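Step one of this worksheet: look at the structure below.
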Amino acid sequence: KRQIMDTDQIIKTTPVDKDAGSKEIEAEEKDRVRSNFFLYDLFNLEKKSIFYFWAIIRVLECLLMSRNYLYADEYWQGTEVAYNIVYGGVHLPWEWQTNFRLRNVIYPYYLAIPMWLAKVVGLDTPLVIRLAPYVAHSVIAVASDYYFYKVTKKLMGIQVARVTFLYYFTNQFFNSFMIRCFSNSVE
718 KRQIMDTDQI
728 IKTTPVDKDA
738 GSKEIEAEEK
748 DRVRSNFFLY
758 DLFNLEKKSI
768 FYFWAIIRVL
778 ECLLMSRNYL
788 YADEYWQGTE
798 VAYNIVYGGV
808 HLPWEWQTNF
818 RLRNVIYPYY
828 LAIPMWLAKV
838 VGLDTPLVIR
848 LAPYVAHSVI
858 AVASDYYFYK
868 VTKKLMGIQV
878 ARVTFLYYFT
888 NQFFNSFMIR
898 CFSNSVE
C-alpha cells in the first residue's frame with residue numbers, strides 16, 4: 718500500500734514483509750521520488766554544494782548589480798566613512814559630524830578592513846577600492862541568507878524554509894537593497 722504524503726515524508730510504504738530488502742526498496746523509492754522533484758534539492762542549503770551555489774550568486778549580485786547609483790545613503794552610511802578611515806580627506810555627512818554622531822562605527826570599520834588590506838599590500842587601485850566594501854558586505858549578505866534559512870527551517874520546517882528561501886532570494890527589494898552597503902542592510 719503506497720500513499721504520496723507531504724515532502725517531509727515523501728512516500729510512506731507499508732510492506733507486507735518487513736525484512737531488510739523491503740527497507741532498501743523503500744529507501745530507493747524515496748530517493749527516486751526526491752531526485753524527480755527538482756526543487757526538493759535546489760533550495761536545500763544543508764548541502765554544501767547548494768549553499769556554495771547560492772553564496773556565489775549572492776556575491777556576484779553584490780559585485781555586479783551594485784555598480785549604479787541607487788540611493789545616496791549607500792555611500793554616506795558606509796563606503797565614504799570606510800574610505801575616510803583608511804585614506805582620510807573625505808567630508809563626511811552631517812550624521813558623522815562630532816556634534817551629532819548618529820551612526821555606529823562598527824559597520825564602516827568592517828568595510829574598511831579590505832580597503833586597508835589592499836592599501837597595505839599595494840593593490841589599492843580604484844577598482845579594488847570600489848569593490849572592496851562590496852566584497853566585505855557580501856559576506857554579511859550570504860550569512861544573512863543562510864541564517865534566514867536556518868531560522869525558518871527550525872520554526873516552520875524544511876519545506877517552508879525552502880519555499881521561503883526561494884521567495885526571499887528572488888525578492889526585488891532584497892536584490893536591490895540588501896546587496897548594497899547600507900548600514901540598514903546589516904540591521
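Here my numbering = 1-based position in the sequence shown + 717. The beta-carbon is built from N, C-alpha and C at its ideal position, and this holds for glycine as well. None of the values given here were measured: they were computed from a predicted structure.
Are there 16 or more other CB atoms within 10 angstroms of the CB of H808, so buried, or fewer, so exposed? Along the sequence shown, one-based indexing puts residue 808 at 91. That one is exposed.
Should Q889 go down as buried or exposed, given a rule of 16 or more other Cβ atoms within 10 Å for buried? Within the sequence shown, residue 889 is the residue found at index 172, counting from 1. Exposed.
Quick one: Cα of E812 to Cα of A860, how far? As a working note, residue 812 is residue 95 in the sequence shown. As a working note, residue 860 is residue 143 in the sequence shown. E812 and A860: Cα-Cα distance of roughly 28 Å.
If I measure Cβ to Cβ from P810 and keep anything under 7 Å in the same chain, skipping five residues before and after, which residues do I get? As a position in the sequence shown, residue 810 is number 93, starting the count at 1. Correct list, in chain order: W793.
Beta-carbon within less than 8 Å of L780's beta-carbon, same chain only, minus the 5 sequence neighbours each way: which residues are those? In the sequence shown, counting from the first residue as 1, residue 780 sits at position 63. Excluding sequence neighbours, L780 sits near L848, Y851, V852 and S855.
Run through DSSP, which three-state label would F815 get? Here residue 815 corresponds to residue number 98 of the sequence shown, with the count starting at 1. Correcting the residue type first, residue 815 is Thr in the shown sequence and not Phe. Coil, per DSSP.
Just mark A789 as buried or exposed, buried being the case when its beta carbon has 16 or more other beta carbons within 10 Å. By 1-based counting over the sequence shown, the position of residue 789 is 72. A789 is exposed by the Cβ-count criterion.
Would you mind working out which of S902, G805 and Y800 sits nearest P825, comparing C-alpha positions? Against the sequence shown, residue 825 aligns to sequence position 108. Nearest option by C-alpha distance: Y800.
When you compare each of F894, S900 and E904 to S783 by their alpha carbons, which one comes out closest? Within the sequence shown, residue 783 is the residue found at index 66, counting from 1. Per the Cα distances, F894.
Flag this pair as yes or no: are the beta carbons of L883 and F768 separated by less than 7 Å? Counting from one through the sequence shown, the residue named residue 883 turns up at place 166. Counting from one through the sequence shown, the residue named residue 768 turns up at place 51. The answer is no: Cβ separation not under 7 Å.
Going by beta carbon distance, what residues of the same chain come within less than 8 Å of K764, once the five residues before and after it are set aside? For the purposes of this step, residue 764 is taken as the residue at position 47 of the sequence shown. Correct list, in chain order: D758.
For E904, does the count of other Cβ atoms within 10 angstroms reach 16, so buried, or fall short, so exposed? Looking up residue 904 in the sequence shown gives position 187. Exposed.
DSSP three-state call for I823: helix, strand or coil? In the sequence shown, the residue the question calls residue 823 occupies position 106. Looking at I823 - three-state DSSP - the assignment turns out to be helix.
For I774, count neighbouring Cβ atoms within 10 angstroms of its own Cβ and tell me buried if that reaches 16, exposed if not. To locate residue 774, count along the sequence shown from 1; it is residue 57. Per the 10 Å Cβ criterion, exposed.
Continuous alpha helix (DSSP H) assignments of at least 4 residues falling wholly in the stretch 816-904: 823-838, 843-873, 875-886 and 900-903
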